[in-house]
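Residue numbers (the working numbering): 582 to 943.
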């Protein structure tokens, strides 16, 4: 292999992202020879979320140009991997990520503070045939993603470094002189929970990755709806969010990402949520007296837990309460009334199986 690919990217300048994906590094072409990238990240002083840090986008382009708006030059995006141990599948055929910690930082808040002071970061990326492996290491947080490219991915596959509320500089590059084999970077077969699953009022879900599986939408009306289900996180689950979540939305076909889709909020069972199109979105969390730690809570989810949701609508206001093994998350939001588009709730999750879904109305 010649040095041409590496030399073409040695002139990457500082990348500063106030908003998400505001700037990008130039495209870094991937081959079967692993490339190793080192750089420094400094998150901005007003950064307040763990994703206010670097990310990497895997994409195809005829000439390496980033073209997220117009999608010319055969531009396609396959996935996004974040340095805070998270990943999101877009147009990949298959996407899988895993995470662990090499240093015992106690919280993501502590990790973010280290990013604000400045931290050295590392990326390894390699492509062989239809497979791509990416590894990001930042201050003790490590995330490794494995991607299967679609058949029409194209010949030239690149990554770009970007982020949110952070500045990246001091890029240096090396590469391994030995190529990898495709089998070494193919996705890993997940060990799903072995417990027997009961069938409920809706089909069971196997949530092998973020946003891959959802139930059909359950309408929320003035008549309270109660939903119970059983959840078991995969043995590979390492983060609190490898557990169930709920989506509040409207769509003509009552499906997430469906016809005339509007998303109002997403609330995870690990006490976190965000609102999209809803007004006055807020949430509160209560911990039961017997609750001990996130580590114990996740272990309980791996063994299997029974969960519940209650949702009701009062004119424009929607109230939702979900409970998972000692954590109760209550959300409140305003959603404009629409006679044609009922507001629905759907179950989803990440690295967890959801079964025995039961629906009851008062």
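By construction, the Cβ of each residue, glycine as well, lies at the ideal position given by its N, Cα and C atoms.
*For residue 602, I'd like the list of residues in its chain whose CB is within less than 6 angstroms of its CB, leaving aside the five on either flank, ordered along the chain.*
Result list for residue 602: 743, in chain order.
*asked:* Tell me the rounded alpha-carbon separation between residue 806 and residue 922.
replied: Their backbone Cα atoms lie some 18 angstroms apart in a straight line.
_For residue 676, the nearest candidate out of 830, 682 and 667 (CA to CA)_ = Each of 830, 682 and 667 was checked against the Cα of residue 676, and the nearest Cα belongs to 667.
_For a test of the three-state rule: what should DSSP assign to residue 883, helix, strand or coil?_
Here residue 883 carries a helix assignment [DSSP, helix/strand/coil].
*Among the residues of its own chain, which have a CB less than 6 angstroms from the CB of residue 895, if the five just before and after it don't count?*
Around residue 895: no qualifying Cβ.
*Can you list the alpha helix (DSSP H) stretches of 4 or more residues lying completely in the stretch 622-704, in chain order?*
Here the runs fully enclosed are 689-698.
*asked:* Relative to the C-alpha of residue 939, which candidate in 762, 927 and 723 has its C-alpha closest?
replied: Residue 939 has its Cα closest to that of 927, out of 762, 927 and 723.
*Do residue 746 and residue 817 have their C-beta atoms closer together than 9 angstroms?*
No, these two residues do not count as a Cβ contact at 9 angstroms.
_With 16 other Cβ atoms within 10 Å as the buried cut-off, status of residue 833_ = Residue 833 is exposed by the Cβ-count criterion.
*asked:* One question on the structure: do residue 810 and residue 936 come within less than 9 angstroms of each other, judged by their Cβ atoms?
replied: In this structure, residue 936 lies closer than 9 angstroms to residue 810 by Cβ.
*If residue 715 sits next to residue 637, beta carbons under 8 angstroms apart, how far is it from one beta carbon to the other, in whole angstroms?*
Right, their Cβ atoms sit about 6 angstroms apart.
*Where does residue 616 fall in DSSP's three states?*
Shown here, residue 616 sits in a strand according to DSSP, grouped into three states.
*What span of residues does the beta strand (DSSP E) with residue 849 cover, start to end?*
Element bounds for residue 849: 843-849.
*Alpha carbon to alpha carbon, how far is residue 656 from residue 804?*
Take the alpha-carbon of residue 656 and the one of residue 804: they are about 47 angstroms apart.
*Any beta-carbon of chain C closer than 9 angstroms to the one on residue 867?*
Protein chain content of the structure displayed is limited to a single chain, and chain C is not contained in it.
_For a test of the three-state rule: what should DSSP assign to residue 855, helix, strand or coil?_
Three-state DSSP puts residue 855 in a strand.
*So the beta strand (DSSP E) residue 736 belongs to, where does it begin and stop?*
Boundaries cannot be given for residue 736, as no beta strand (DSSP E) includes it and DSSP labels it neither H nor E.
*asked:* Within the continuous beta strand (DSSP E) that includes residue 598, where are the two ends?
replied: Counting along the chain, the beta strand (DSSP E) containing residue 598 begins and ends at 596-598.
*Could you check the C-alpha separation between residue 929 and residue 802 for me, to the nearest Å?*
Between the alpha carbons of residue 929 and residue 802 lies a distance of about 21 angstroms.
*asked:* Quick check: the Cα distance between residue 748 and residue 799, rounded to an integer number of angstroms?
replied: A straight line joining the alpha-carbon of residue 748 with that of residue 799 spans about 43 angstroms.
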